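In this note's numbering, each number is its position in the sequence shown, counted from 1, plus 35.
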Amino acid sequence: MEHQIGLPGITEERLQEVETELGFSLPSELRTYFKKENKFEAGEWQFHPIKDEQYIKRTWEDIVRVNSTDAEDYPDGFFRIAADGSGDELGYLLPDAETIVLWDHEEQELFPVAPTLVDFLEQEQQLLESAIQADEFFETVLETGSVYGLSKLKQSGWAYCPSNQDESDVLLFFSTEEGARACQTNGWEKYHLIRLDLDVFTDGWLPNMIQDGLYCGLNWDANLQGLELNPENVLEELEG
């Protein structure tokens, strides 16, 4: 879900009170967000609010209370700022007050996920937009029965990008001609626009991609931003 407005922002005086309770200064980016709004969210992440007497029920589980509870269950210096409801936590590993780290409750380890809070929120926004792009792909191709792509040759050389997940590739597919043509840049200017019947895509392309360990990129934008999806999941979605 997109970053959303929550409660009214917190005053400087209240922030200083909270910092006194915590015993240290809040990271500067987090302070900036708290001054804009309180109790906000990004994607699945619910950011812990600062207690506000005007909204006591909605801010009871505030950032001070959260970090005073079960602290022994987390690494020293881990300051929790958000939770996703699954047991994972997001925060800073102080004294580093910039890098955003993830506490994986299953692995019982911390992993860096973004260099700053701003970068993390931008990542979440991009994930949202990419999910919308994929949903639009499924909805459109099931209605039209057509899948589009770009190919260097009419029979081979499908447009692809290296995967960010492992040593594999992501083949790009689009639900409209316009979406495919928007990616005829950065070396793909002379690539042919190819249309596939949906049954050719589901009966031929996807099974072959499963066998070859490739990923699907559905309705990626002109900046080549989008989700890398397993072809098994794409096939399940299309076959209902």
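Positions of the beta carbon are idealized from the N, C-alpha and C atoms, including for glycine.
Keep in mind that this is a model prediction, so the values were computed, not measured.
Which class does S181 belong to by DSSP, given the choice of helix, strand or coil?
S181: strand per DSSP, three-state reduction.
State whether the segment 214-225 contacts the segment 178-187, with contact taken as three or more CB pairs (one from each stretch) at a distance under 8 angstroms.
Contact holds: three or more Cβ-Cβ distances are below 8 angstroms.
Tell me which residues share the same chain as I229 and place their Cβ nearer than 6 angstroms to its Cβ, disregarding the 5 neighbours each side in the sequence.
Cβ neighbours of I229 beyond the five flanking positions: G184 and S186.
Can you tell me which of the three DSSP states L116 falls into?
First, the residue type needs correcting, since residue 116 is Ile and not Leu in the sequence shown. It is a strand residue.
Quick check on DSSP: helix, strand or coil for Y90?
Of the three classes helix, strand and coil, the one that applies to Y90 here is helix, per DSSP.
Can you give me the C-alpha to C-alpha distance between I98 and I85, rounded to a whole angstrom?
The straight-line gap from Cα to Cα measures roughly 6 angstroms.
Go ahead and label A169 buried or exposed: buried means 16 or more other beta carbons lie within 10 angstroms of its beta carbon, across all protein chains shown.
A169 comes out buried.
Hey, would you say L249 sits closer than 8 angstroms to L206, going by beta carbons?
In this structure, L206 lies closer than 8 angstroms to L249 by Cβ.
Give the secondary structure of E263 by DSSP, where H, G and I count as helix, E and B as strand, and everything else as coil.
E263: strand per DSSP, three-state reduction.
Label A117 either buried or exposed according to how many other C-beta atoms from any shown protein chain fall within 10 Å of its C-beta, with 16 as the threshold for buried.
Looking at its Cβ environment, which holds 16 or more other Cβ atoms inside 10 Å, A117 is buried.
If you draw a straight line from the alpha carbon of T104 to that of L129, how long is it in whole angstroms?
Taking the straight line from one Cα to the other gives about 17 angstroms.
Excluding the 5 residues preceding and the 5 following T237 in the sequence, name in chain order all residues of the same chain whose CB lies nearer than 8 angstroms to its CB.
Closer than 8 angstroms at Cβ, skipping near neighbours: L270, L273 and E274.
By the DSSP assignment, the beta strand (DSSP E) with Y127 in it spans what residues?
Taken as a continuous stretch (DSSP letters only), the beta strand (DSSP E) holding Y127 covers E124 to L128.
Over what stretch of residues does the beta strand (DSSP E) that includes G214 continue unbroken?
Segment E212 to R216 is the alpha helix (DSSP H) holding G214; no beta strand (DSSP E) there.
In three-state DSSP terms, what is Q268?
The question names Gln, but residue 268 in the sequence shown is Asn. Helix.
Grab me the residues of Y90's own chain with a C-beta within less than 7 angstroms of its C-beta, minus the 5 sequence neighbours each way, in chain order.
Once the five neighbours on either side are set aside, the close Cβ partners of Y90 are L42.
Which of the three DSSP states, helix, strand or coil, is assigned to G252?
Three-state DSSP puts G252 in a strand.
Verify whether the separation of the beta carbon atoms of A194 and W223 is less than 8 angstroms.
Yes, the pair counts as a contact, with Cβ atoms nearer than the cut-off.
Counting Cβ pairs closer than 8 angstroms, one from the segment 66-75 and one from the segment 100-114, do we hit at least three?
The segment 66-75 vs the segment 100-114: no contact.
In three-state terms, what does DSSP make of A194?
Coil.
Are the CB atoms of I135 and V148 nearer to each other than 8 angstroms?
Contact flag set, yes.
Identify the continuous beta strand (DSSP E) that holds D232 and give its terminal residues.
It spans H227 to D232 - the beta strand (DSSP E) in which D232 sits, taken as one unbroken run.
Over what stretch of residues does the beta strand (DSSP E) that includes F69 continue unbroken?
F69 -> not in any beta strand (DSSP E); alpha helix (DSSP H) instead, spanning S63 to K71.
To which residues of the same chain is G44 closer than 6 angstroms at the C-beta, ignoring the five residues directly before and after it?
Excluding residues within five positions, the ones whose Cβ falls inside 6 angstroms are K70, K71 and E72.
Among the residues of its own chain, which have a CB less than 6 angstroms from the CB of P266, if the five just before and after it don't count?
So the qualifying residues of the chain are L241, M244, I245 and C251.
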